[in-house]
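So the structure is just underneath, and the comments pick up after that.
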Amino acid sequence: MNYQCAHRWAFKTWGGALEPIEEVFEPISGHEVTVRVTHCGICHSDLHIQAGGFEMGGGRLSSLEAAGSTLPLTMGHEIVGEIVDVGPDVLGVNKGEHVIVYPWQGCGVCTTCASGDEQLCNKASLSMGLRLPGGFGDLVRVRHERYLVPFGALDPARAATFACAGITAFGAIRKLPATTVEDWVAVVGCGGVGMTAVALLVATQAARIVAIDPDPAKRVAALQHGASLAFDPNAPGVLKEIAKACGGNIAGVVDFVGAESSSSFAVNIVRRAGQVVIVGLFGGQFKLALPMFIFKSLSVCGSYTAGLPLLRELVALAQTVTLPTIPIELRPMSTVNRSLDDLAQGRVVGRVVLQPD
Ligand SMILES: [Zn+2]
Ligand SMILES: [Zn+2]
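What follows is the structure, encoded as structure tokens:
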């Protein structure tokens, strides 16, 4: 195989279908690494990226173009592959190794990046699959070997999902305060990411978990993965029932939906001085009577993926603790357009992970 020319799936207009393109690489230099993609997950965010922005409420979209993304754009930020070429300054990783690529890259030198939170870099977002070419193709060129995370004996398709779904769940629950066995934590939205959060909470927090999801099958799954209680947010009188069942003692709520309804539900069930973490990107606006912040001494924060150190920590944790596996369906890369459509139409359970044809 020629490792100097990448064959990718990219869209040339916002909202357009993905088409095959080629990119000839410059000769490899410095700390660069070329990775032959073996697996790349499709994330719900890819639908927003393809559309050109995120729903900001009132029908307005954020603009990825104004934020610096350029066309043609190759998406794919849950990348696992084999190292096939390394620059002369690369240390600590070798050709033939299989690695997860950490995609949420920043400038790498500012204080935010130095703290490990490159995904929040204020100077330059160089995220793969958003600004730089991602993993919907056969090869990716990675800027520096430090973004490569070996994953031991973990299943590579599952390891790929750690780069976004996994660290998104992990990063969000890390924003909760430390809890005791008297406390409760609520997980709103028990899809793949929410379910991973339930399992990570069981592994890392003392609090009992209450799962909130309108889908009865997801509530059953949450109970199987360690939640103590589960409720349908649309059931009549549910707020009172939750307050009674949890003794009004929900210390934190993680909202994996991020819709107007789910965020107001979260604020309603959290106790005084509680923490609400908003993670989902369904979109809309957050509305709350200002005195509620004061009377409840409420903290509301967001969580955007997570830093590189947390990906390494998650990989280590996954090798010692049994985390639930989201159902994974492997498909050839050439199904990318149909797979994105299936995801948009709600026909995907768990994760589709693409493999180059
Ligand atoms: Zn994602
Ligand atoms: Zn930076």
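Numbering (my numbering), first residue to last: 463 to 819. Built from N, CA and C at the ideal position, the CB exists for glycine as well.
The continuous beta strand (DSSP E) containing D547 extends over residues 540-548.
By the criterion of a C-beta distance shorter than 6 Å, E517 is surrounded in its chain by G745, once the five residues flanking it on both sides are discounted. Burial check for E580: the Cβ neighbour count within 10 Å reaches 16 or more, so the residue is buried.
Sixteen is the threshold: since fewer than 16 other Cβ atoms of the shown chains lie within 10 Å of the Cβ of Q747, the residue is exposed.
Each residue's CA atom was taken as its position, placing S531 and E607 some 23 Å apart. Looking at the DSSP output, A721 shares a beta bridge with G745.
With the criterion CB distance below 5 Å from any heavy atom of ligand 1, the matching residues run C505, S507, C626 along the chain. Cβ-Cβ distances below 7 Å link R593 to G530, S531, S587 in the same chain, with the five nearest sequence neighbours on each side left out; the list follows chain order. Closest in alpha carbon position to T641, among G742, A668, V604, is A668.
When the Cα atoms are used, R522 and A468 turn out to be separated by approximately 35 Å.
Annotation for G568 indicates a beta carbon within 7 Å of some heavy atom of ligand 2.
Relative to ligand 2, K585 has its C-beta within less than 7 Å of a heavy atom. Here the alpha carbon of G591 sits roughly 11 Å from the alpha carbon of C505. The beta strand (DSSP E) runs lying completely inside the segment 745-773 and spanning 3 residues or more are 761-764, given in chain order.
For T767, the distance from the CB to the nearest heavy atom of ligand 2 is not below 7 Å.
At a cut-off of 7 Å, the beta-carbon of E580 counts as near ligand 2: some heavy atom of the ligand is closer than that. Secondary structure at P612: strand, using DSSP grouped into helix, strand and coil. Excluding the 5 residues flanking it on each side, P789 has same chain C-beta neighbours closer than 6 Å at V811, G812, in chain order. With contacts defined by Cβ atoms closer than 8 Å, A661 and H687 form a contacting pair. Here R813 is bridged, per DSSP, to I790. Apart from sequence neighbours up to five positions away, the residues of its chain that approach A479 with a beta-carbon distance below 7 Å are F473, N799, ordered along the chain. The beta carbon of G514 is closer than 7 Å to those of W476, G477, L523, S525, L526, E527 in its chain, skipping five residues each way along the sequence.
For a cut-off of 8 Å, the C-beta gap from G503 to V815 is around 5 Å, short enough to register as a contact. For the pair A665 and A627, the Cα-to-Cα distance works out to about 17 Å. Uninterrupted beta strand (DSSP E) stretches at least 3 residues long and entirely within the segment 628-654 occur at 646-650, given in chain order. With respect to the C-alpha of W566, the residue from L772, D717, D819, S796 having the closest C-alpha is L772.
Note on geometry: alpha-carbon atoms of L691 and G653 lie some 16 Å from one another.
Residue range 601-604 is occupied by the beta strand (DSSP E) that includes L601.
In the three-state reduction of the DSSP assignment, H469 falls in the strand class.
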